[in-house]
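Here is the structure:
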């Protein structure tokens, strides 16, 4: 029987506290070598601690944000280390700061292979787009936790605030929900499974009628001419009514990438900043997925350097800047595009792919001298044209736009996206805005997406292949033969090799050969 125990490891704890005393950031930055402080772009100071390895965001008010630790005890060590450093500049903290855990990030495994297609159909509150990202997002309402699940059983959990929420409630509820849906296999003997409305009814445990000695599916060959650029992982599975995946991953590596998010924080964004901050903080985590740098350009009446960043790889700093955003006045879309263009020119290289993502919730009403058309909307459109003309040297630049809310000027934003060679997205509310940013991020972070195929074994035996492909289309497809028979009337069934005939590319399939065999007692 598959081991249903789970194991996890805390990778990061984000905690906050207050020293209840002002901190002279300029003096701290001048006297301590392990600090980063640029008040022109962000009001906080980053203080790095070597042991335990962590980073603390220090504000002049005495508020601290600690990240990088793996336990609350380590958080306490880090705060004590900060207090010692402050004492060196004659800032004496006499209180014992109260620590509040804001978020725990944990990784682990539930020791079960997962069919993500199946889970996405049966579980509520899931998001699964395998053509964009190979993981399934599963959200729990209580406790507030988000899981990223992979087919090999590995997972990442974020959103919980203490060990009890993570272990006793989050992990336990996740495993309980999955075990109600996935197949539980006894290697020799009677097989128990859930069949998803195919044979025995949706969501019901059933006892298979015959004892199963072995069911084997071997991926034995991939046409090297068709898939010369891909590495094949061969998998074997056992079990009746077991739904599994055969994964084929591209041999290519993610490209070097620079992304600038251009955000509207004009006065009309007053009540909409929270989802924008969440979406932008999620976007910053792309830095973990390869050689990716991210920058923020905030605009209102003009470009706002105090709320913006250079192209960097510091997730903590980016997320802190996003948290600092507050609504301003009017809307100068061309100002944001022009500044992002200049940042690319000054900080990026020709060999790096570049993407600009522009978000606005209103109408351009501030003009730019650089474009000089005398019309704010046309200046914004021309700014996109100018950006593409200087940045798309190696055909590696794109500008996407997002219209947020009912008052967004869709006509102008669509024209900007068209000039920038990108796509326009409509976000009617905050939830849709977060999803759109996540979607854009997933599309950006891996240039060549993984291909996922699955074969379904059932009472009516056949094999089915779904292939999801992006950017790199294959020239040929697979037409698989289908076989059906009644297991209850047969003692031994062997299916010989299924040979595939290549035809012109028409759909989401590729050429491959399978060997299937079933032996029943």
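In the numbering used here, the protein residues as written are 14 to 534. Heads up, the beta-carbon is just placed ideally off N, CA and C, and yes, glycines get one too.
query                                                                                                                                                                                 : result
Exposed or buried, residue 40, counting other C-beta atoms within 10 Å across all chains shown (16 or more means buried)?                                                             : exposed
Mapping the DSSP letters down to three states, classify residue 25 as helix, strand or coil.                                                                                          : strand
Output needed for residue 409: all residues of its chain with C-beta closer than 7 Å, excluding positions within five of it in sequence on either side, in chain order.               : 366, 367
Please look up how many angstroms separate the CB atoms of residue 71 and residue 62, rounded, as I've assumed it's under 8 Å.                                                        : Not confirmed; about 11 Å, so no contact.
For residue 325, does the three-state DSSP call read helix, strand or coil?                                                                                                           : strand
Using alpha carbons as the reference points, say which of 343, 411, 92 lies closest to residue 65.                                                                                    : 92
Who are residue 170's beta bridge partners in DSSP?                                                                                                                                   : 119, 160
Following the continuous alpha helix (DSSP H) through residue 290, name the residue where it begins and the one where it ends.                                                        : 286-297
Only counting the same chain, and skipping five residues up and downstream in sequence, which positions put a Cβ closer than 8 Å to that of residue 120?                              : 21, 22, 24, 167, 168, 169, 170
Which one or two residues does DSSP pair with residue 417 in a beta bridge?                                                                                                           : 440
Report yes if the C-beta distance between residue 412 and residue 428 is below 8 Å; otherwise report no.                                                                              : no
Can you tell me the Cα-Cα spacing of residue 44 and residue 73, whole angstroms?                                                                                                      : 16 Å
By how many angstroms is the C-alpha of residue 440 removed from the C-alpha of residue 419?                                                                                          : 9 Å
So, with DSSP's three-state summary, where would you put residue 448?                                                                                                                 : helix
Just verifying my parser: in three-state terms, what is the DSSP assignment at residue 365?                                                                                           : coil
Label residue 129 either buried or exposed according to how many other C-beta atoms from any shown protein chain fall within 10 Å of its C-beta, with 16 as the threshold for buried. : buried
Between the beta-carbon of residue 88 and the beta-carbon of residue 26, is there less than 8 Å?                                                                                      : yes
Nearest-angstrom Cα distance between residue 398 and residue 59?                                                                                                                      : 37 Å
For residue 306, which of 312, 385, 454, 149 has the nearest alpha-carbon?                                                                                                            : 454
Between the C-alpha atoms of residue 312 and residue 345, what's the straight-line distance to the nearest angstrom?                                                                  : 7 Å
Is it buried or exposed, residue 46, if we count other Cβ atoms within 10 angstroms and call 16 or more buried?                                                                       : exposed
What's the C-alpha gap between residue 432 and residue 405?                                                                                                                           : 12 Å
Given a cut-off of 8 Å on the beta-carbon distance, is the pair residue 85 and residue 106 in contact?                                                                                : no
Under 8 Å between the Cβ atoms of residue 162 and residue 149?                                                                                                                        : yes
Could you give the uninterrupted runs of the alpha helix (DSSP H) lying entirely in the segment 46-108, keeping only those of 4 residues or more?                                     : 85-100
Please confirm if the segment 355-365 is in contact with the segment 328-338, defined as three or more CB-CB distances below 8 Å between the two stretches.                           : no
Specify the secondary structure class of residue 304 as computed by DSSP and reduced to three states.                                                                                 : coil
Beta strand (DSSP E) containing residue 270: first to last residue?                                                                                                                   : 270-277
Among 127, 78, 124, which one has its Cα closest to the Cα of residue 30?                                                                                                             : 78
Have a look at 122, 102, 278 and flag the residue whose alpha-carbon is nearest the alpha-carbon of residue 37.                                                                       : 102
Could you round the C-beta distance between residue 323 and residue 290 to whole angstroms and report it? I think they count as a contact, below 8 Å.                                 : Incorrect: roughly 19 Å between the Cβ atoms, too far for contact.
Report the CB separation of residue 449 from residue 415 in whole angstroms; it is logged as a contact under 8 Å.                                                                     : 6 Å
Taking buried to mean at least 16 other C-beta atoms within 10 Å of its own C-beta, is residue 173 buried or exposed?                                                                 : buried
Tell me which same chain residues have a C-beta within less than 6 Å of the C-beta of residue 288, skipping the five on either side of it?                                            : 443, 446, 447
If we ignore side chains and look at the alpha-carbon of each, how far apart do residue 83 and residue 114 end up?                                                                    : 11 Å
In terms of residue numbering, what span does the alpha helix (DSSP H) encompassing residue 4 cover?                                                                                  : Nothing can be reported for residue 4, as the shown portion of the chain is limited to 14 through 534.
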